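**Q** Pasting in a structure now, in structure tokens, and then I'll have a few things to ask.
Numbering (the UniProt record's numbering), first residue to last: 1 to 333.
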């Protein structure tokens, strides 16, 4: 469970951005189409190192769905039994049953105080009719924090800062001035009708260096927010956005890196590992085993082989094929 839960913040961020479950799934399968061999089908004359037999890709989705459906049902039933054991039902007089039901409904939905924090990832609710999120963990603070007047989030390479401004005064880009230095950030917002009527909203020193020339910012008038995207000079996790700010515990953030951030060699290795894992699950040879079979097939009919001219049978080769013949075939690869 811990291994699966480490990606919850990332999934919640994607789900929040997409807005609905259908859009989330569409984004997921788009990734599989563009970045993996999930939709490739193995054919008799096609390459043997990618793709799946017909129908196998869809079967994986069905198997995963059924697996977690069963897990959910067992967990839900166990929770219900535990609640029944801890809170035994008491007989309710008929005259007071309607009132008791009303009180139960009210007690489940108490009014929240205005300053209560947003729900955490564990309290995400999805509208069953539309698939839309009722609320979720705030992606604006993903791997970062919400502070007085601003919030920040980060990946290993980038930093996003959202600075609150007065919506009644900031309705277009010219109403805001943003100055980014290598270790500084200043945001000014219009404070009146005059051309020089600007006041400083934020003027702080960044805790680490950024590439000022790569900075991008935009005003979101409907939210009253200036969104600033910065590129870190060094790949590292920041424990605070600005100097003097309360630090976060970087051991508790999601340190996973998206596959797109990795170089081509690393992505190729991950693709091979995923392929080998799928092959093992289906009882098929891994990429390395397939190479070995091809090597043995060539050695089978090579000059000096005792099996030359007979049907290929890999089950007897490893024990009876002369070692020097195998070595010769390996050197020719």
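Ideal Cβ placement from N, Cα and C applies to all residues, glycine included. Model, not experiment: these values are computed from the prediction.
Are the beta-carbon atoms belonging to residue 15 and residue 254 less than 7 Å from one another?
**A** Reading the chain shown from its first residue, position 15 is the one you call residue 15. Reading the chain shown from its first residue, position 254 is the one you call residue 254. Not in contact: residue 15 and residue 254 (Cβ atoms no closer than 7 Å).
**Q** Could you give the DSSP three-state label for residue 297: helix, strand or coil?
**A** On the chain shown, residue 297 is found 297 positions in, with the first residue counted as 1. DSSP places residue 297 in helix when its eight states are reduced to three.
**Q** Please state the DSSP three-state secondary structure of residue 154.
**A** Within the chain shown, numbered from 1, the residue matching residue 154 stands at position 154. In this structure, residue 154 counts as strand in the three-state DSSP scheme.
**Q** Considering only C-alpha positions, which residue in the set 237, 244, 58 and 242 is nearest to residue 252?
**A** The count along the chain shown starts at 1 and reaches residue 252 at position 252. Comparing Cα positions, the closest option is 237.
**Q** My output table needs one value for residue 228: the three-state DSSP class, helix, strand or coil.
**A** Within the chain shown, numbered from 1, the residue matching residue 228 stands at position 228. Of the three classes helix, strand and coil, the one that applies to residue 228 here is strand, per DSSP.
**Q** What are the partner residues of residue 14, as DSSP defines its beta bridges?
**A** Reading the chain shown from its first residue, position 14 is the one you call residue 14. In DSSP, residue 14 forms no bridge with anything.
**Q** Using only the alpha-carbon positions, how far apart do residue 207 and residue 183 sit?
**A** Here the question's residue 207 lines up with position 207 in the chain shown. Here the question's residue 183 lines up with position 183 in the chain shown. Rounded to the nearest angstrom, the two C-alpha atoms are 7 Å apart.
**Q** DSSP three-state call for residue 189: helix, strand or coil?
**A** Sequence index remark: in the chain shown, residue 189 carries index 189 (1-based). DSSP places residue 189 in strand when its eight states are reduced to three.
**Q** Helix, strand or coil for residue 197, going by three-state DSSP, please let me know.
**A** To locate residue 197, count along the chain shown from 1; it is residue 197. Note: residue 197 maps to coil in three-state DSSP.
**Q** Short check: CB of residue 210 to CB of residue 230, under 7 Å?
**A** Locating residue 210 in the chain shown gives position 210, where the first residue counts as 1. Locating residue 230 in the chain shown gives position 230, where the first residue counts as 1. Yes.
**Q** Would you report the Cα separation of residue 172 and residue 199, rounded to the nearest angstrom?
**A** Locating residue 172 in the chain shown gives position 172, where the first residue counts as 1. Locating residue 199 in the chain shown gives position 199, where the first residue counts as 1. Using only the alpha carbons, I get a separation of about 16 Å.
**Q** Which of the three DSSP states, helix, strand or coil, is assigned to residue 243?
**A** Looking up residue 243 in the chain shown gives position 243. Residue 243: coil per DSSP, three-state reduction.
**Q** What is the residue span of the alpha helix (DSSP H) that residue 236 lies within?
**A** For the purposes of this step, residue 236 is taken as residue 236 along the chain shown, with counting starting at 1. Looking at the DSSP string, residue 236 is not in any alpha helix (DSSP H), and its letter there is neither H nor E.
**Q** Under 7 Å between the Cβ atoms of residue 140 and residue 155?
**A** Start at 1 with the first residue of the chain shown, and residue 140 comes out as number 140. Start at 1 with the first residue of the chain shown, and residue 155 comes out as number 155. Their beta carbons are not under 7 Å apart, which means residue 140 does not touch residue 155 by this criterion.
**Q** Could you name the residues of the same chain whose beta carbon sits closer than 6 Å to that of residue 50, not counting the 5 residues immediately before and after it, in chain order?
**A** Mapped onto the chain shown, residue 50 falls at position 50. So the list reads 37 and 40, once near-sequence residues are dropped.
**Q** Looking only at its own chain, which residues have a Cβ that is under 6 Å from the Cβ of residue 176, when we skip the five neighbours before and after it?
**A** The sequence position of residue 176 within the chain shown is 176, counting from 1. Correct list, in chain order: 170, 189, 219 and 226.
**Q** Which residue marks the beginning of the alpha helix (DSSP H) containing residue 219, and which one marks its end?
**A** Along the chain shown, read from residue 1 onward, the residue named residue 219 stands at position 219. Per DSSP, residue 219 belongs to no alpha helix (DSSP H); it is in the beta strand (DSSP E), 216-220.
**Q** Report all residues from its chain with a CB closer than 6 Å to the CB of residue 235; omit the five preceding and five following residues, and keep chain order.
**A** Within the chain shown, numbered from 1, the residue matching residue 235 stands at position 235. Result list for residue 235: 156 and 157, in chain order.
**Q** Could you name the residues of the same chain whose beta carbon sits closer than 7 Å to that of residue 242, not counting the 5 residues immediately before and after it, in chain order?
**A** By 1-based counting over the chain shown, the position of residue 242 is 242. Result list for residue 242: 204, 205, 206 and 207, in chain order.
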